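According to the UniProt record's numbering, the residues represented by the sequence shown are 1 to 275, in order.
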Amino acid sequence: MAAGVIRKALEGGIPPLTRHQIPSHQTGMDGGDARFKPLRSPIDDASVARSQSLARQGSELSRMGRHRDAVGCFTEAIVWNPNDHRFFADRSFCYSAMGWHEEALRDALLARYLEPRWPQNHFRCGKAHLALQMYHEATRCFEAVLAMDPACEAARQELRSIGTYEAVRTGNGEESAAFTGAPMSEPRAAQPDLQPGNAGLCRSLMVENVTPHVTRDMLVRLFRPYGLMRSVHLQHDQECAIISYAHHLSAVKAVGALQGRVLCGRAITIRFADN
1 MAAGVIRKAL EGGIPPLTRH QIPSHQTGMD GGDARFKPLR SPIDDASVAR
51 SQSLARQGSE LSRMGRHRDA VGCFTEAIVW NPNDHRFFAD RSFCYSAMGW
101 HEEALRDALL ARYLEPRWPQ NHFRCGKAHL ALQMYHEATR CFEAVLAMDP
151 ACEAARQELR SIGTYEAVRT GNGEESAAFT GAPMSEPRAA QPDLQPGNAG
201 LCRSLMVENV TPHVTRDMLV RLFRPYGLMR SVHLQHDQEC AIISYAHHLS
251 AVKAVGALQG RVLCGRAITI RFADN
């Protein structure tokens with residue numbers, strides 16, 4: 001069964017037992033998602049135990065950067081217990097790490113629908129929306145996280161990243177400062193290169209902390225959604241890569257969406273490089 005489940009997961013399919021109906025007001029898209037039907041029947045203890053064991057395996061694989069294998073584990077965990085929102089949230093994280101942002105959004109929406117009181121589900125929705133350049137929806141998700149957990153600095157940083165992109169795109173720093181609730185001149189020691197002044201018209205990005213397991217294809221899948229790419233140079237000996245876009249706004253969007261993304265077990269850091 002495991003091989004079939006993994007194959008369906010990687011092809012974008014979902015086993016019948018995992019399907020839920022998401023109302024349109026929950027998805028943020030007209031009509032909801034008609035591929036899912038309700039399922040909230042009780043799950044026996046043996047199935048719950050099996051699902052939790054599979055989820056632990058998936059979490060360990062994810063920490064090792066083996067996100068594709070982790071997707072298979074989380075998918076099989078969902079087959080045994082489709083009512084646990086954490087399995088969908090964790091699979092969403094893996095899909096995001098693989099650059100499969102539409103699949104990541106689908107799972108994040110399911111997780112949020114199953115448990116809307118958990119901040120992490122809103123955060124995963126926000127990250128998926130952001131990767132798909134759905135900035136308004138992403139903003140609402142990160143604001144929902146802060147409403148539940150005001151101390152969540154990660155959500156606050158994501159809002160600042162969205163504001164940085166808006167400031168560069170519109171050329172109106174004050175408007176973006178109001179949009180994010182933080183002045184654009186506020187120092188950010190952890191991510192200084194996100195500031196618009198550092199971006200300028202730079203079209204190239206230096207991606208650092210890249211593990212030997214990262215491939216050029218992974219980087220293309222990860223950075224391609226943000227604009228037309230000119231080149232990708234992967235330098236494993238220096239644990240870095242240089243990504244070049246055709247337009248500087250693409251580089252700005254990529255920094256805002258991908259800064260700190262975990263790729264093959266490591267959080268990458270991104271800074272603007274010389275064109």
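Just so it is clear, CB atoms sit at the ideal spot from N, CA and C, and this is done for glycine as well. In this text, all values refer to a predicted model and were calculated from it rather than measured experimentally.
{"Item": "Residues near Gly-265 by beta carbon distance below 7 Å, same chain, minus five either side", "Value": "Arg-63, Met-64, Gly-65, Thr-211"}
{"Item": "The beta strand (DSSP E) enclosing Ala-104, as first and last residue numbers", "Value": "Run containing Ala-104: none in the beta strand (DSSP E); it sits in the alpha helix (DSSP H), 101 to 114."}
{"Item": "Stretch-stretch touch, CB-based, cutoff 8 Å, three pairs: the segment 97 to 105 with the segment 129 to 140", "Value": "yes"}
{"Item": "As assigned by DSSP and simplified to three states, the class of Thr-269", "Value": "strand"}
{"Item": "Buried versus exposed, by CB contacts within 10 Å (16 or more), His-236", "Value": "exposed"}
{"Item": "Contained alpha helix (DSSP H) runs [length at least 4] in the segment 113 to 148, N- to C-terminal order", "Value": "119 to 131, 135 to 148"}
{"Item": "For His-236, the three-state DSSP class (helix, strand or coil)", "Value": "helix"}
{"Item": "Where Ala-246 falls: helix, strand or coil (DSSP)", "Value": "coil"}
{"Item": "CB of Val-71 within 8 Å of CB of Cys-94, strictly", "Value": "yes"}
{"Item": "Ala-267 versus Cys-240, Asp-274, Leu-249, residue with shortest Cα-Cα distance", "Value": "Cys-240"}
{"Item": "Pairwise C-alpha distance: Cys-152 and Gly-126", "Value": "14 Å"}
{"Item": "Residues bridged to Val-262 (per DSSP)", "Value": "Ala-267"}
{"Item": "Leu-222 - containing beta strand (DSSP E), residue span", "Value": "Note, Leu-222: premise wrong, no beta strand (DSSP E); alpha helix (DSSP H) at 216 to 223."}
{"Item": "Residues of its chain near Phe-87, where Cβ-Cβ distance is below 6 Å and the 5 sequence neighbours each way are ignored", "Value": "Ala-55, Phe-74, Ala-77, Ile-78"}
{"Item": "Those residues which DSSP pairs with Ala-241 across a bridge", "Value": "Val-207, Leu-234"}
{"Item": "Euclidean distance between Cα positions of Arg-140 and Ala-104", "Value": "17 Å"}
{"Item": "Presumed contact (8 Å Cβ cut-off) between Gln-120 and Ala-89, rounded CB distance", "Value": "6 Å"}
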